[in-house]
Structure formats: structure tokens, C-alpha cells
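Colleague: I have a structure here, written as C-alpha cells, and I will follow up with some questions on it.
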Amino acid sequence: MTNTWKKLGLTTLSASALFLAACSDDADTTEDTTEDTADGSLSGEVELAYVSWDSEIASTNVIGQVLKDVGYDVNLVALDNAIMWEAVANDEADAMVSAWLPGTHAPQFENYSDEMVHLGPNLEGAKIGLVVPEYMDVDSIADLTDQADQTITGIEAGAGVVAAAEQATEDYDNLSDWNVQTSSSGAMVTQLADAYESEEDIIVTGWSPHWKFQSYDLKYLEDPEGSFGGEETIDTFVREGLEEDMPEAYEILDNFQWEASDMESVMLEIQDGVDPEEAAQNWIENNQDKVSEWTEGVVE
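Shown next, in the form of C-alpha cells:
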């Protein structure tokens, strides 16, 4: 694959995007095709782009480890939403398993999907919305008044769930004076944990699957105006030409499908302090039946 980042003008790039650009020089020296080795394993370089959400850290590490286990040299690169999509569309990355559709990544899908190959969902039943602890006496966004100092604790600016929360402040008259406070997914969880421990009011931008639903007693607020859309899927996209260049990697990525409970178990282990690569390998060792379905017919 080519590795020449196009100029991005005066827009502010994330540090991770700059990291990917720096890495591209090294990748220029390698032919990005698959070869069978003498022992029957596969060789070649696969670059996976992802957004640094707990869910996508889990899924990308799992599929990345599966590709490593069959012989590929795998590089995982964390990027902002738009840069992740652009990287696959421009052949700077081989694939991503982190596309939330149809709502969360709708703008990116519209801008880039025609320039990549859509392999379909790798996880169904995903959801975004406003999340509160069960102890809060509110069940609907329409019922919010002055809780949590009229603040919604969000994640990164530009994330789809943050955009939906900002849209909610326009869709709901009772939220006209509310503020969406952006930070990061990690900072959001820290604030949630602190408030939960003290049983204080807090409203966060939430999504499922996520380990926080296994660690805390939480609930989604009903969304009668539909600001957050309906059920979503998490989808896999690959660069054009990957099937011809690396057919076995393409097939494994195309076969990759799992359940929310699978993803949450990996996320929770990572949250408990286990290195993401080790957590991924632990899941793989305990779920060989599913992994064998992803690699069936690809390796002996």
C-alpha cells in the first residue's frame, strides 16, 4: 500500500495522526502482500486504524492478535475519528473494525465510504445515549431539570455521541440552558466513578458495549425526540485492493464477528489493569471456537 499522507492544510491533527505519518516512511520499504511461509503460516504487514474508545481498543487488539497468531506483522494505530476513516480511504491503513453506524460515524461514512470496502457489521446491538446511575430519580431526557449543574459530561469533541448530545440540547426545550462538557473517554469514566461513589448526580455520554455497565448500576435515559438514533452496529472497513493483495487477511477480517458480552469482557480486563494485548490473547485462548470460525479455511 502507498504511505503518503496528503496535506491537511491548517487543520489541527491529533498526535496519533502525526505518529501514523511518521510511521509511514518505514512502511514504504516493505511490499504489502501476503506470502506463505514454510511452516504454513502467513507473512505480511497489516496496519489497523482505530479510535481510542475502550470498545475499539478491545476489538482492534483482539482481531490484531488473531492476525498476528497466523503470522502477520500487525501495527495498531490510534487516530481521531475522521483521520481513521481517511487513513483507510487513502490506503494509509489496511482496515478498521471501529465504524459505528448508522448514526455515530454518519458524517465520516458519507465522506469516505465510497473509497473503501465495507465488510459489514462485526458487532450488532450497539447503542449510544445519555447514561445516569440507577439511583438518580429520572428516566427520560425530557425529565431533566437542574441535575448535575445542568452539565452533560462528554468525551472527545467531534465524537458522534457528543454531537448527538449537543443536538439533544437543541431538540429538548428543557435542555436549552445545559452544557455538553467535552474531555476524553477516560476522563468521563473517572468523573462517573467519583460521582457514583458519592451518589452524586451525573449525566454522561454513553455507549454500549462498554465495561462501565458491568462495573456500575447504570441506565440509559429514554430519548423520545430521537436525538441519539436507534440501535447501531460496529462495522469493518478495509482499503480497496486488500482482497487482491492479502486475501487471507481480508477473509479473516470479513469473518470477524462477536457479541457485546465478548467485547465487554475484554474491556473489563483492560480496565482492571491488564495490558490490552494480553487481555486480547486471554480472550482468544478462552474462545477458540469463535476464533476458528474467523480463520476457517485460511490457515491449516
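Throughout the sequence shown, residue numbering follows the working numbering, covering 1206 to 1505 in sequence.
Beta carbons are placed, not taken as given, at the ideal position from N, Cα and C, and that holds for glycine.
#1: Quick one, which of A1287, Q1270, I1288 and E1498 has its alpha-carbon nearest N1280's?
#2: Enumerated in chain order, which unbroken segments of the beta strand (DSSP E) with a length of 3 residues or greater are wholly contained in the region 1300 to 1377?
#3: Which residue spans inside the region 1406 to 1431 form an unbroken beta strand (DSSP E) run of at least 3?
#4: How about W1499: is its Cβ closer than 6 Å to a heavy atom in the ligand NAD?
#5: Enumerate in chain order the residues of its own chain whose CB-to-CB distance from Y1377 is below 8 Å, with the five nearest sequence positions on each side excluded.
#6: So which of I1288, H1415, E1483 and A1398 has the shortest CA-CA distance to A1178?
#7: Helix or strand or just coil, what does DSSP make of Q1486?
#8: Under the rule that 16 or more other beta-carbon atoms within 10 Å means buried, what is G1167, buried or exposed?
#9: Quick one: using the 10 Å Cβ neighbour count with 16 as the cut-off for buried, is Q1313 buried or exposed?
#10: Are the CB atoms of L1473 and W1416 nearer to each other than 7 Å?
#11: If contacts are defined as beta-carbon pairs under 8 Å, then M1468 and S1257 qualify, I think. What distance do you get, rounded to the angstrom?
#12: Quick check: the Cα distance between V1293 and I1408, rounded to an integer number of angstroms?
#13: Go through its chain and collect everything with a Cβ distance to A1489's Cβ below 8 Å, but skip five positions before and after it.
#14: If I'm right that A1536 touches T1387 with Cβ under 8 Å, what's the distance once you round it to whole angstroms?
#15: Taking only the alpha-carbon atoms, compute the straight-line gap between E1375 and L1423 and give it to the nearest angstrom.
#16: Compute the Euclidean distance between the alpha carbons of Q1486 and S1466, then round it to the nearest angstrom.
#17: Where S1389 and G1334 are concerned, what is the direct C-alpha to C-alpha distance, given to the nearest angstrom?
#18: Determine the DSSP secondary structure at Y1277, reduced to helix, strand or coil.
Modeller: Short version:
#1: Q1270
#2: 1300 to 1306, 1321 to 1338 and 1356 to 1358
#3: 1408 to 1413 and 1423 to 1425
#4: Absence of the ligand NAD is noted for the structure shown, with no ligands found whatsoever.
#5: I1346, A1347, L1349, E1430 and S1432
#6: As displayed, the chain neither begins before 1206 nor continues past 1505, which places residue 1178 out of reach and without an answer.
#7: helix
#8: Residue 1167 lies beyond the residue range present for the chain, which begins at 1206 and ends at 1505; the question has no answer from this structure.
#9: buried
#10: yes
#11: 15 Å between Cβ atoms; not a contact.
#12: 34 Å
#13: As written in the sequence, residue 1489 is Ile, which differs from the Ala given in the question. For I1489, where only same-chain residues beyond five positions count, the Cβ hits under 8 Å are V1267, Q1270, V1271, D1274 and V1496.
#14: In the structure displayed, the chain extends from 1206 to 1505; residue 1536 sits before or after that span and is not available.
#15: 25 Å
#16: 16 Å
#17: 16 Å
#18: coil
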